[in-house]
Amino acid sequence: MDIEDRKCYICDKQAVETEEHFLTDCPALKATRDRYMEQFKAIRDVSSLVGIELMKQLFYPDLLKITARIVQDMYEERHLLLYKANNKQTSYRQWPKNAPIPY
Ligand SMILES: [Zn+2]
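Residue numbering for the sequence shown is 1 to 103, as defined by our numbering.
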């Protein structure tokens with residue numbers, strides 16, 4: 001698959017789903033990102049940074065533990081959004097507990 005065909009299917013930006021888009025840009029994951037931004041800020045204020053500059057900072061050792069958690073949370077959220085889109089579900093609560101992740 002060409003990288004241009006790796007479109008993000010959880011937002012309307014028509015963006016290529018790169019690690020940078022996922023972690024720093026995708027509007028579908030904004031609420032989670034904003035929540036974690038408060039934790040980052042408690043250590044170091046990175047809130048004015050965007051894109052690759054933000055990403056570089058998130059992988060510095062002092063922020064890395066929080067970054068690991070945000071990646072895990074956002075990745076699970078992405079799975080739920082994809083599952084919901086594929087199954088035309090109306091609520092996350094329909095996601096069966098311990099069901100296998102479809103991707
Ligand atoms: Zn997106």
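For each residue, glycine too, the CB sits at the ideal point set by N, CA and C.
Please read these numbers as outputs of a predicted model, since none were measured by experiment.
Nonlocal neighbours in the same chain, by C-beta distance under 6 Å from residue i, ignoring five residues either side
i   : result
I70 : Y36
Proximity to residue i [Cα-Cα], best of the options
i    : options            : result
K84  : Y9, R33, Q14, P61  : Y9
Q72  : E19, A15, N86, R44 : E19
Q39  : M1, K65, D2        : K65
E4   : K13, D12, K41, E17 : E17
Y75  : A15, A28, R6       : A28
L58  : R6, R33, H79, L82  : R33
V116 : I43, C26, L63, D62 : Limits of the chain in this structure are 1 at one end and 103 at the other, which puts residue 116 out of reach.
Span of the alpha helix (DSSP H), counted from its first residue to its last, around residue i
i   : result
A15 : Taken as a continuous stretch (DSSP letters only), A15 belongs to no alpha helix (DSSP H), as it is neither H nor E.
M55 : 51-58
H79 : 64-87
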